[in-house]
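Mapping to the UniProt record's numbering: the sequence shown position 151 is 151, numbers consecutive.
For reference, the structure is listed below as structure tokens.
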Amino acid sequence: MDLAARVRDAIIQASTTYSPDVLRAYERALEVEEDERSAWVLELLIENARIAGREGRPLCDDTGIPHLIVEVGEDASLPAGFFNHLKRGVEEGLRELPGRPMAVRGDEVERIEQSRGLYSDPAKLPPAPFLVDSTPGDGVKIHVLMLGGGPEIRARTRRIFHRHSYRKVFEEVITWMKTEVPMLGCTPCIPVIGVGRTHFEATGLMLRAMATRSLDEQSGIEEHITQSLNSTGTGPLGLGGSTTAMGAMVNVGPQRASGVRIVSMRLACCVEPRRATIDL
């Protein structure tokens, strides 16, 4: 097994294809969208996805930052050099895709100020720190996410005083979303939410939701979020219509005995979530 090669292929797959449930959600939205301009945008996004998948081209010019979630079975053993293979696979995938050169040169200050410019090699873009968790069994799963800048700008991770009401929590999150959606630009979106005990945990739950939740199966909360955003009339690319959100992805983890819930919210844009999974 060439693990680096499988990671390389997953980087390319995530970057160039919609997952089947997302493509089906677009097709369902197109069937019911009555606004002509919005239907035209949905048609273009579906065609863009088909061309990207057929020709192996990135879905978007912002090819994203690689995030890898590693689920290790409790009875599994990782081979020596496992994480180095993951890093090498990311480099090979970004180079072959190719990814957009986005790695910033320099020390701490120079990187923040971007005063020394960018590396020309896409493979210089390191992945985010790996998120590793244990699962039952003896298998290993690697989820690859390619996260773009626009959704990151509109994301929020904050505490909410829940007042013993799940409605209070989600209505406040919907209020955030209604503020951010018109400024996202690249709609329709897929709102992704993690609810945890700490900022780290909430963000991890949000990332896992993006990697594993399906738009084919929606909970009552997810349907309510989608309907609330669609009622704003923002529509695809802000042109109006009934399709502002394609669906939602919600992941609620363990909670603590306190008056606070930590919520991580990200509005995945019209080409996200860009994702692929490797089963070992």
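All C-beta atoms, glycine included, are put in the ideal place defined by N, C-alpha and C.
All values derive from a computational prediction rather than experimental measurement.
Using a Cβ-Cβ cut-off of 8 Å (strictly less than) and excluding sequence neighbours within five positions of residue 184, which residues of its own chain qualify? Along the sequence shown, read from residue 1 onward, the residue named residue 184 stands at position 184. Answer for residue 184: 150, 151, 154, 267, 269, listed in chain order.
Compare the Cα-Cα distances from residue 254 to each of 224, 225, 196, 228 and report the closest residue. Looking up residue 254 in the sequence shown gives position 254. The shortest Cα separation from residue 254 among 224, 225, 196, 228 belongs to 196.
For residue 85, is the classification buried or exposed, using 16 other Cβ atoms within 10 angstroms of its Cβ as the cut-off for buried? Numbered from 1 along the sequence shown, position 85 holds the residue referred to as residue 85. Label assigned to residue 85: buried.
Using the three-state DSSP reduction, which class does residue 162 fall into: helix, strand or coil? Counting from 1 along the sequence shown, the entry for residue 162 is found at position 162. Reduced to three states, the DSSP call for residue 162 is coil.
Evaluate the contact criterion for the stretch 16–29 versus the stretch 105–113: three or more CB pairs, one atom per stretch, below 8 Å. no
Residue from 157, 172, 229 with nearest C-alpha to residue 204: In the sequence shown, residue 204 corresponds to position 204, counting from 1. Nearest C-alpha to residue 204: 157.
Residue range of the unbroken alpha helix (DSSP H) whose run includes residue 246: Residue 246 sits at position 246 when you count from the first residue of the sequence shown. Per DSSP, residue 246 belongs to no alpha helix (DSSP H) and is neither H nor E.
My output table needs one value for residue 116: the three-state DSSP class, helix, strand or coil. Sequence index remark: in the sequence shown, residue 116 carries index 116 (1-based). The answer is coil: DSSP assigns residue 116 none of H, G, I, E or B.
Could you compute how far the alpha carbon of residue 34 sits from the alpha carbon of residue 145? As a first step, residue 34 is located in the sequence shown; it is residue number 34 there, counting from the start. As a first step, residue 145 is located in the sequence shown; it is residue number 145 there, counting from the start. When rounded, the distance between both Cα atoms is 32 Å.
Here's the rule: buried if 16 or more other CB atoms are within 10 angstroms of the residue's CB, otherwise exposed. What is residue 257? For the purposes of this step, residue 257 is taken as the residue at position 257 of the sequence shown. Exposed, by the Cβ-count rule.
Three-state secondary structure (DSSP) of residue 191: In the sequence shown, the residue the question calls residue 191 occupies position 191. If DSSP states are grouped into helix, strand and coil, residue 191 belongs with the strands.
Give me the Cβ distance between residue 207 and residue 131, rounded to the nearest whole Å; I'm assuming they're in contact under 8 Å. Numbered from 1 along the sequence shown, position 207 holds the residue referred to as residue 207. Numbered from 1 along the sequence shown, position 131 holds the residue referred to as residue 131. Correct: roughly 6 Å between the Cβ atoms.
Can you give the beta carbon distance from residue 91 to residue 123, rounded, assuming they're within the 8 Å contact cut? Residue mapping note: residue 91 aligns to position 91 of the sequence shown, counting from 1. Residue mapping note: residue 123 aligns to position 123 of the sequence shown, counting from 1. Contact flag correct, Cβ pair sits at about 4 Å.
If I follow the unbroken beta strand (DSSP E) through residue 274, where does it start and stop? As a working note, residue 274 is residue 274 in the sequence shown. Taken as a continuous stretch (DSSP letters only), the beta strand (DSSP E) holding residue 274 covers 274–279.
Is it buried or exposed, residue 136, if we count other Cβ atoms within 10 angstroms and call 16 or more buried? The residue given as residue 136 occupies position 136 in the sequence shown. The residue in question, residue 136, is exposed, as its Cβ has fewer than 16 Cβ neighbours within 10 Å.
Just reading off the beta strand (DSSP E) that residue 20 is part of, what are its end residues? Against the sequence shown, residue 20 aligns to sequence position 20. First-last for residue 20: 20–32, but that is the alpha helix (DSSP H), not the beta strand (DSSP E).
Cut-off 6 Å between Cβ atoms - residues of its own chain near residue 116, not counting five sequence neighbours on either side: In the sequence shown, counting from the first residue as 1, residue 116 sits at position 116. Cβ within range, chain order: 105, 106, 110.
How would you call residue 26, buried or exposed, if buried means at least 16 neighbouring beta carbons within 10 angstroms? Residue mapping note: residue 26 aligns to position 26 of the sequence shown, counting from 1. Counting Cβ neighbours within 10 Å, residue 26 comes out buried, since at least 16 surround it.
Would residue 175 be called buried (16 or more neighbouring beta carbons within 10 Å of its own) or exposed? The residue you call residue 175 lines up with position 175 of the sequence shown. Under this definition residue 175 is an exposed residue.
C-alpha gap between residue 103 and residue 165, whole angstroms: Position 103 of the sequence shown, counting from 1, holds the residue named residue 103. Position 165 of the sequence shown, counting from 1, holds the residue named residue 165. In a straight line, the C-alpha of residue 103 is about 43 Å away from that of residue 165.
What is the residue span of the beta strand (DSSP E) that residue 266 lies within? Start at 1 with the first residue of the sequence shown, and residue 266 comes out as number 266. Its beta strand (DSSP E) spans residues 260–268.
Restricting to runs no shorter than 3 residues, where is the beta strand (DSSP E) found entirely within the stretch 33–98? 65–73
Could you round the C-beta distance between residue 15 and residue 97 to whole angstroms and report it? I think they count as a contact, below 8 Å. On the sequence shown, position 15 is the one that residue 15 refers to. On the sequence shown, position 97 is the one that residue 97 refers to. With a Cβ gap of about 6 Å, residue 15 and residue 97 count as contacting.
Using only alpha-carbon positions, find the residue among 224, 8, 63 that is nearest to residue 169. Here residue 169 corresponds to residue number 169 of the sequence shown, with the count starting at 1. That would be 224, whose Cα lies nearest to the Cα of residue 169.
Under 8 Å between the Cβ atoms of residue 3 and residue 64? Locating residue 3 in the sequence shown gives position 3, where the first residue counts as 1. Locating residue 64 in the sequence shown gives position 64, where the first residue counts as 1. Their beta carbons are not under 8 Å apart, which means residue 3 does not touch residue 64 by this criterion.
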